[in-house]
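Working notes for the structure below.
In the numbering used here, the protein residues as written are 63 to 339.
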């Protein structure tokens, strides 16, 4: 019993240390966002700003089109997540339930596709999008993000589908339920947490992506938040810390809010799936 309690205490300590490690950059970001220029240049920085100010936020909005960039990022990230999940879900179901050569080949494609660096594919990708007049287009960037997120989304969903016992579907079929009814009433509710988690992964991936957005989007009114944030760094590599921290803090809020909302749905989906008969 003592060993068990000691092990549990050690786990809690390790978890607390990990949370502190994760929270430190975000806490410092918030502190920096509210510090005036004089405190940012201080040789003895403090956690809590001595003279907090909103000037960094005003300057950030005055210098860059943050609202338009936020709207662009939301459109791109939400669209890419939805399309990736819609495509990956039926593919994952087939791969998990029918383990044939095609499913093995698809699994190999998932693994191999993650090994290619962006630099190798950006030139042919740029040429293809240019041919279809999708350069400097949110639609073109959405297509890129869907293709980019699809392999990992498929890999995630295959694991969730395999966790659903096939006996549940077989029992429903014995009771006279059709294939569509089984998928809608039995399988889909049990897969809901996995689908939501996969959509969240795809959203965060598209929301934070910088390289493709930098290459494919040319005009400021089309650019996403990561590209706009890069504009707070001067040509000589000197960052305007106050406005940059303020803009970066604002950029984290949508993803945090969406994660908080989806986390409840993940828990609810798990509970709903656990009581299915």
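All residues carry an ideal CB built from backbone N, CA and C; glycine is no exception.
- Cβ-based burial, residue 182 [other Cβ within 10 Å; buried from 16]: Taking a 10 Å sphere around the C-beta of residue 182, we find fewer than 16 other C-beta atoms and assign the residue as exposed.
- Task: Could you please give the first and the last residue of the uninterrupted alpha helix (DSSP H) stretch that includes residue 110?
- Result: Here residue 110 belongs to no alpha helix (DSSP H), and DSSP marks it neither H nor E.
- Message: Below 8 Å, how does it come out for the region 207-221 and the region 135-148: are there three or more Cβ pairs, yes or no?
- Response: yes
- Query: alpha helix (DSSP H) containing residue 200: first to last residue?
  - Reply: 200-225
- Message: Determine whether the beta carbon atoms of residue 119 and residue 312 lie at a separation below 9 Å.
- Response: yes
- Message: Please identify the residue among 278, 219, 107 whose C-alpha is closest to the C-alpha of residue 249.
- Response: Nearest C-alpha to residue 249: 219.
- Task: Compare the beta carbon distance of residue 286 and residue 146 with 9 Å and say whether it is the shorter of the two.
- Result: no
- Rounded separation between residue 335 and residue 225 - CA only: Low confidence applies here, because residue 335 scores a pLDDT of 40, under 50, leaving its location unreliable; read the following figure in that light. Answer to the nearest angstrom: the Cα atoms are 12 Å apart.
- Query: Helix, strand or coil for residue 295 per DSSP?
  - Reply: strand
- Message: As a quick exercise: from 270, 73, 117, pick the residue whose alpha carbon is nearest that of residue 94.
- Response: 117
- For residue 154, which residues from the same chain have a beta carbon less than 6 Å from its beta carbon, with the 5 sequence-adjacent residues on both sides left out? 216, 219, 220, 223
- Task: Could you tell me how far apart the beta carbons of residue 270 and residue 288 are, in whole angstroms, since I believe they sit closer than 8 Å?
- Result: 6 Å
- Reference residue 192, options 279, 80, 317, closest by Cα: 279
- Reduced DSSP category for residue 239 - H, G, I as helix; E, B as strand; rest coil: The answer is coil: DSSP assigns residue 239 none of H, G, I, E or B.
- Query: Straight-line CA distance for residue 320 to residue 80?
  - Reply: 23 Å
- Buried or exposed: where does residue 189 fall if 16 or more other Cβ atoms within 10 Å of its Cβ makes it buried? exposed
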